[in-house]
Amino acid sequence: MLMKEYRICMPLTVEEYRIGQLYMISKHSHEQSDRGEGVEVVQNEPYEDPNHGNGQLTEKRVYLNSKLPSWARAVVPKIFYVTEKAWNYYPYTITEYTCSFLPKFSIHIETKYEDNKGSNDSIFDNEAKDLEREVCFIDIASDEIPERYYKESEDPKYFKSQKTGRGQLKEGWRETHQPIMCSYKLVTVKFEVWGLQTRVEQFVHKVVRDILLIGHRQAFAWVDEWYDMTMDEVREFERATQEATNKKIGIFPPAIAISNISMPSSTRSAPSSAPSTPLSTDAPEFLTVPKDRPRKKSAPETLTLPDPEKKKL
């Protein structure tokens, strides 16, 4: 087991980011999906926990078979997926990833949000107790991302919001910018296979770090798209985008209804102890031994999404 604590600061307030992270997750999942590959939303409904109160439970299947190395495709089922379950009690969330092919593999993420610049060194003391963990700061403006994901329009060093006036983020911005918030993520990776555990767990953390960096850069770069949305509007955008994404990857489940009726807490049990972080379709690389390889120069093209402003007839 390898545990790390990631701290990602954003030029937003915690309340603003509540809308932004829901919008970012839906749009990112849609962009990363294609016929037979991508993110299928299985469940998205209100959930009530006796300790954390009212929240939202989501379950997704991330289909990845074509991304596997050739030797793995020969032995794994054709329908290969990672299950993501998330319990969102904002500003505290829990996310768990498990694998349909590797029962000894799991990722557990706890997330807490605070309006500060990442200065709370004891935010996870109750959860992590005496477990040793490395603290890693992620800078959305200056940290390098894989070239294949780079878009100048999503680079916080160059992006300036028309609606908020925030940006462009220069070196040292975290020390002076107002408002500022921090997403604290306690990430535990387990891969209990002798001989591979250390290398795989370290590699998965590298993948997770890249995903966190890309997702938070997008949440800020897309701020003008979601900034004026209400919670009801972003939930409708989420529902419409999920439906479009499921159809896009060739899965046609019943329509997902997001209601305001709370689910009885006794119907399910959430884990005792992160918002859902989108899982890149490149994640199956953890099945191979990490190696250097040339990066693609082009980023994926942006896909057309449902218009959040369009009213239903």
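This note's numbering numbers the first residue of the sequence shown as -8 and each following residue consecutively.
Here a beta-carbon is modelled for each residue, glycine too, at the ideal position from N, C-alpha and C.
ask   = Mapping DSSP to helix, strand and coil, what is GLY158?
value = To locate residue 158, count along the sequence shown from 1; it is residue 167. GLY158 falls in the coil class under three-state DSSP.
inquiry  = Am I right that PRO82 and VAL178 are in contact with their C-beta atoms under 8 Å? What's the rounded C-beta distance?
reply    = Residue numbering aside, residue 82 sits at position 91 when the sequence shown is read from its first letter. Residue numbering aside, residue 178 sits at position 187 when the sequence shown is read from its first letter. Contact flag wrong, Cβ pair sits at about 17 Å.
query = Nearest to GLU143 by CA position, among ASN237, GLN159 and GLU36, is which residue?
reply = Walking along the sequence shown from the start, residue 143 turns up at place 152. It is GLN159 whose Cα lies nearest to the Cα of GLU143.
query = Is it the case that the Cβ atoms of TYR104 and ILE205 are separated by a distance below 7 Å?
reply = Position 113 of the sequence shown, counted from the first residue, corresponds to residue 104. Position 214 of the sequence shown, counted from the first residue, corresponds to residue 205. Contact: no.
Identity of the residue in PHE96, PRO2 and HIS21 nearest PHE228 by Cα = Mapped onto the sequence shown, residue 228 falls at position 237. Closest by alpha carbon: HIS21.
task = Kindly identify the DSSP beta-bridge partner or partners of LYS(-5).
result = Taking the sequence shown and counting its residues from 1, the one referred to as residue -5 is at position 4. Answer is GLU125 and VAL178.
message = Quick check: the Cα distance between VAL225 and ASN117, rounded to an integer number of angstroms?
response = Here residue 225 refers to the residue found at position 234 of the sequence shown. Here residue 117 refers to the residue found at position 126 of the sequence shown. Distance between the alpha carbons of VAL225 and ASN117 is about 32 Å.
Proximity winner among SER152, TYR175 and GLU162, relative to PHE128 (alpha-carbon distances) = Residue numbering aside, residue 128 sits at position 137 when the sequence shown is read from its first letter. Looking at the Cα atoms, TYR175 is the closest of the given residues.
task = Kindly indicate which residue of TYR80, GLU101, TYR72 and ASN107 has the alpha-carbon position closest to the one of THR86.
result = In the sequence shown, counting from the first residue as 1, residue 86 sits at position 95. When each option's Cα is compared against that of THR86, the closest is GLU101.
task = Starting from the C-beta of ILE136, find all residues in its chain whose C-beta is less than 8 Å away, skip the five residues before and the five after it, and write them out in chain order.
result = Your numbering for residue 136 matches position 145 in the sequence shown. ASP201, LEU204, ILE205 and ARG208.
Which listed residue (ALA231, TYR80 and GLU166) has its alpha carbon closest to that of GLY44 = The count along the sequence shown starts at 1 and reaches residue 44 at position 53. Nearest C-alpha to GLY44: TYR80.
request  = Could you spell out the range, first to last residue, of the beta strand (DSSP E) harbouring GLY46?
outcome  = Walking along the sequence shown from the start, residue 46 turns up at place 55. That run of the beta strand (DSSP E) goes 44 to 54.
task = Locate the beta strand (DSSP E) running through ASP40, then write down its first and last residues.
result = Reading the sequence shown from its first residue, position 49 is the one you call residue 40. It spans 29 to 40 - the beta strand (DSSP E) in which ASP40 sits, taken as one unbroken run.
task = Quickly, what does DSSP pair TYR104 with across the bridge? List them, please.
result = In the sequence shown, the residue the question calls residue 104 occupies position 113. Paired residue(s): SER174.
message = Can you find the residues in the same chain that come closer than 8 Å, C-beta to C-beta, to ASP130, ignoring five residues on each side of it along the sequence?
response = Your numbering for residue 130 matches position 139 in the sequence shown. Excluding sequence neighbours, ASP130 sits near CYS0 and ARG165.
query = Going by other Cβ atoms of all chains shown within 10 Å of its Cβ, with 16 needed for buried, is TYR149 buried or exposed?
reply = Residue 149 sits at position 158 when you count from the first residue of the sequence shown. Under this definition TYR149 is an exposed residue.
inquiry  = Quick check on THR189: buried or exposed, where buried means 16 or more other Cβ atoms within 10 Å of its Cβ?
reply    = Taking the sequence shown and counting its residues from 1, one reaches residue 189 at position 198. Looking at its Cβ environment, which holds fewer than 16 other Cβ atoms inside 10 Å, THR189 is exposed.
message = Taking the alpha carbon of ASP146 as the reference point, which residue from ALA132, GLN153, LYS154 and THR155 has its own alpha carbon closest?
response = Position 155 of the sequence shown, counted from the first residue, corresponds to residue 146. If we check each option's Cα against that of ASP146, ALA132 comes out closest.
request  = Leaving aside the five residues before and after LEU3 along the sequence, list all residues of the same chain whose C-beta is less than 6 Å from its C-beta, in chain order.
outcome  = Residue numbering aside, residue 3 sits at position 12 when the sequence shown is read from its first letter. Hits under 6 Å: MET172.
message = So, for LEU(-7): in the same chain, excluding its five sequence neighbours on each side, which residues have a beta-carbon less than 7 Å away from its beta-carbon?
response = Working through the sequence shown from its first residue, we reach residue -7 at position 2. Here the set comprises VAL180, GLU192, GLN193 and HIS196.
ask   = Just curious, the beta strand (DSSP E) that TRP217 is in, first and last residue?
value = Here the question's residue 217 lines up with position 226 in the sequence shown. No beta strand (DSSP E) holds TRP217; the alpha helix (DSSP H) holding it covers 214 to 217.
key: Neighbourhood of TYR14 by C-beta distance below 6 Å, restricted to the same chain and skipping five residues each side   = Position 23 of the sequence shown, counted from the first residue, corresponds to residue 14. Cβ neighbours of TYR14 beyond the five flanking positions: TRP217 and VAL225.
message = Tell me which residues share the same chain as ASP134 and place their Cβ nearer than 6 Å to its Cβ, disregarding the 5 neighbours each side in the sequence.
response = What you label residue 134 is simply residue 143 of the sequence shown in a count that begins at 1. Correct list, in chain order: LEU204.
ask   = Helix, strand or coil: how does DSSP classify ASN237 here?
value = As a position in the sequence shown, residue 237 is number 246, starting the count at 1. It is helical.
Cutoff 7 Å: LYS51 Cβ touching any chain D Cβ = The structure shown contains no chain D, having only a single protein chain.
inquiry  = Could you check whether GLY46 and ILE240 sit closer than 7 Å to each other, using their CB atoms as the reference points?
reply    = Working through the sequence shown from its first residue, we reach residue 240 at position 249. Working through the sequence shown from its first residue, we reach residue 46 at position 55. Taking 7 Å as the Cβ cut-off, ILE240 and GLY46 do not qualify as a contacting pair.
query = Beta-carbon separation of GLU183 and LYS95 under 7 Å?
reply = Start at 1 with the first residue of the sequence shown, and residue 183 comes out as number 192. Start at 1 with the first residue of the sequence shown, and residue 95 comes out as number 104. Yes, these two residues count as a Cβ contact at 7 Å.
query = Whole-angstrom Cβ separation of ALA231 and GLN12, contact assumed at under 8 Å?
reply = The count along the sequence shown starts at 1 and reaches residue 231 at position 240. The count along the sequence shown starts at 1 and reaches residue 12 at position 21. At roughly 18 Å, the Cβ-Cβ gap does not stay under 8 Å, so ALA231 and GLN12 are not in contact.
task = Apply the 10 Å Cβ neighbour rule to THR258 and answer buried if 16 or more other Cβ atoms are within range, or exposed otherwise.
result = Taking the sequence shown and counting its residues from 1, one reaches residue 258 at position 267. Confidence at THR258 is low in this model, with a pLDDT of 40, below 50, so its placement is unreliable and the value that follows should be read with caution. Exposed: under 16 other Cβ atoms inside 10 Å.
ask   = Under a Cβ-count criterion, where at least 16 other Cβ atoms within 10 Å of its own Cβ denotes burial, should PRO291 be classed as buried or exposed?
value = For the purposes of this step, residue 291 is taken as residue 300 along the sequence shown, with counting starting at 1. With a pLDDT of only 45 at PRO291, under the threshold of 50, the placement of this residue in the model should not be trusted, and no figure is reported.
Coarse secondary structure for HIS99, derived from DSSP in three states = For the purposes of this step, residue 99 is taken as the residue at position 108 of the sequence shown. Of the three classes helix, strand and coil, the one that applies to HIS99 here is strand, per DSSP.
query = Candidates ASN35, PRO41 and ASP40: which alpha carbon is nearest LEU48's?
reply = Taking the first residue of the sequence shown as 1, we reach residue 48 at position 57. Ranking ASN35, PRO41 and ASP40 by Cα distance to LEU48 puts ASN35 first.
request  = Give the secondary structure of ILE205 by DSSP, where H, G and I count as helix, E and B as strand, and everything else as coil.
outcome  = Here the question's residue 205 lines up with position 214 in the sequence shown. Helix at ILE205.
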